[in-house]
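These notes are about the structure you will find just below.
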Amino acid sequence: MMSFFSDTFNFIKKNKKVILSTSTIIIGASASVYYYLKSKEKCINDNLNDWENEYAEKLCILKKKHEYLLSAYSCARHEKMKEYYQKILNELDESYDVESIKENIKNAENTTARASEFSKLGKIIIARDVSFSVISCFMIIALECQANVIAYEMSHQSGLKTSSTSTDSEAYFTQTFLEMISLFASKNNLRNIINKIDEIVFTDMEIVDLKKSFSKEEFIKMLTQFGNAILQDDYFKNISNKFVPNMKFVRQQQVELIVLFEEYVDLIDTIQQSGIINLLVEKYLLTFGNLICDKLESNNAYYIELLPKITETYEHGVRKNKNFDCSEIIKEIQEICYDKLINKKYI
């Protein structure tokens with residue numbers, strides 16, 4: 054064993070110059086490899102950083118383009134809503150013939166007949182406020198979802214096909230969406246919705262005595278509860294079905310529109326599930342409720358005393374709700390829609 058170490062020592066001593074020079078070469082080579090790999094890694098990292106920066110910049114450009122288009126489409130939605138408001142009001146005027154009931158009250162033969170007409174009046178004027186609020190909010194949501202789908206598509210897709218009937222995909226898509234939404238605002242569909250709202254409101258109001266005393270808070274709470282009860286009814290749980298019944302409308306359109314319509318329906322359902330529509334309907338009904346209660350001289354009033362206040366404030370409530378600043382709610386809708394659309398693209 055000792056001889057082995059002795060021989061090794063002597064070998065190293067004898068050849069130390071060669072060993073040192075060889076070690077230097079090996080170490081030098083290792084250093085070269087190390088610095089080569091290090092520079093290569095730096096180059097890759099620089100490329101990755103450049104790519105990430107370029108990608109982030111492109112995303113930022115797309116986001117800004119989307120925001121610009123969405124702002125324009127959302128403004129157009131606001132203008133279009135004015136047209137739909139008039140359609141809604143016309144249908145409500147036909148459905149709720151308030152003036153004829155007022156005449157019946159004046160011409161009632163006895164107290165019992167007069168009380169019956171008053172009871173009928175109470176039901177329809179409350180149902181009218183509720184119908185206006187619910188239908189208007191449905192329309193706002195539908196138009197805003199349409200604006201979001203079109204804005205996203207136009208800002209993120211460059212290969213949109215033009216239709217045979219239009220050289221402008223954007224105009225064609227928008228026009229087709231509006232035609233579809235117009236189905237919701239059709240006389241027949243609005244009448245069906247109003248009838249369902251009447252069914253719920255009339256049933257709940259049937260048991261309310263004309264001499265029942267309401268505080269302001271109780272009356273406003275009752276109005277908002279009607280909104281929630283209607284939105285929770287099975288008939289209204291999937292409002293997208295009211296806009297695109299069984300997707301029949303989609304099947305009649307060009308193939309490239311089908312995906313957009315599916316995204317549109319998905320957005321409406323997502324917004325409904327988020328509870329935003331409940332919040333919007335509640336704000337509309339609060340407007341009506343507060344205007345009615347502002348007319349009261351005291352904190353309490355009999356139900357029969359509330360009836361003239363409800364009819365007097367209807368037009369004012371309509372005007373106020375039409376001009377209601379729902380920008381915060383619209384912003385929330387847009388954020389939910391954008392998140393839904395951009396994540397869906399990567400699934």
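Heads up: the sequence shown at position 85 corresponds to 138 in the working numbering, and the numbers run straight through without jumps.
Built from N, CA and C at the ideal position, the CB exists for glycine as well.
Looking at residue j and residue i, is the spacing between their C-beta atoms short of 8 Å?
i, j, result
"Leu236", "Arg130", "no"
"Phe191", "Ile292", "yes"
"Leu122", "Ala224", "no"
"Lys269", "Cys346", "yes"
"Tyr337", "Ser124", "no"
"Ala180", "Ile246", "no"
"Val202", "Leu333", "no"
"Leu339", "Thr277", "yes"
"Ile324", "Ile395", "no"
"Ile141", "Leu243", "yes"
"Met233", "Phe279", "no"
"Leu310", "Thr229", "yes"
Which word fits residue i, buried or exposed, when buried means at least 16 other C-beta atoms lie within 10 angstroms of its C-beta?
i, result
"Cys379", "buried"
"Tyr355", "exposed"
"Val312", "exposed"
"Lys176", "buried"
"Ser127", "buried"
"Ile383", "buried"
"Asn352", "exposed"
"Leu73", "For Leu73, the predicted model reports a pLDDT of 42, less than 50, meaning its position is unreliable and no value from the coordinates is stated."
"Glu147", "exposed"
"Phe185", "buried"
"Glu156", "exposed"
"Glu335", "buried"
"Glu132", "exposed"
"Phe58", "Caution is warranted here: a pLDDT of 43 is assigned to Phe58, below 50, making its placement in the model unreliable, and the coordinate value is therefore given only provisionally. Answer is exposed; the Cβ neighbour count stays below 16."
"Lys214", "Its pLDDT being 46, under 50, Lys214 is placed unreliably by the model, and the measurement read from it follows with that caveat. So Lys214 counts as exposed."
"Gln285", "exposed"
"Glu401", "Not covered by the structure: residue 401. The range shown for the chain is 54 to 400."
"Thr366", "buried"
"Gln387", "buried"
"Ser76", "Only weak support exists for where Ser76 lies, its pLDDT of 47 falling under 50; the coordinates are left without a value."
Compare the C-alpha of residue i against each of the options and name the closest.
i, options, result
"Val151", "His369, Ile386, Pro361 and Gly370", "Pro361"
"Leu174", "Glu358, Leu123, Lys375 and Leu394", "Glu358"
"Ile330", "Asp182, Leu145 and Asn281", "Asn281"
"Gly328", "Ile311, Gly342, Glu385 and Asn294", "Glu385"
"Lys348", "Phe272, Lys118 and Asn294", "Phe272"
"Gly342", "Asp182, Thr323, Asn241 and Gln325", "Asp182"
"Lys397", "Ala161, Glu316 and Val371", "Glu316"
"Lys373", "Lys118, Glu120, Cys113 and Tyr138", "Tyr138"
"Lys290", "Glu120, Met134, Glu162 and Val187", "Val187"
"Arg167", "Phe314, Leu263 and Asp257", "Leu263"
"Met134", "Glu162, Thr164 and Ala238", "Ala238"
"Ile253", "Glu136, Thr227, Tyr288 and Lys393", "Tyr288"
"Lys375", "Cys113, Glu136, Ala161 and Val261", "Glu136"
"Phe226", "Lys274, Met275, Phe314 and Tyr149", "Phe314"
"Leu231", "Val261, Ala200 and Tyr149", "Ala200"
Run through the DSSP bridge pairs and tell me what residue i is partnered with.
i, result
"Tyr355", "Ser266"
Which whole-angstrom value describes the C-beta separation of residue i and residue j, a residue pair presumed to lie in contact below a C-beta threshold of 8 Å?
i, j, result
"Glu170", "Ile158", "5 Å"
"Ile194", "Thr364", "Contact flag wrong, Cβ pair sits at about 28 Å."
"Lys118", "Ser266", "In fact, because the Cβ distance is near 58 Å, the residues do not count as touching under 8 Å."
So with Cβ pairs under 8 Å, would you call residue i a contact of chain C?
i, result
"Leu333", "The structure shown has no chain C; it contains just one protein chain."
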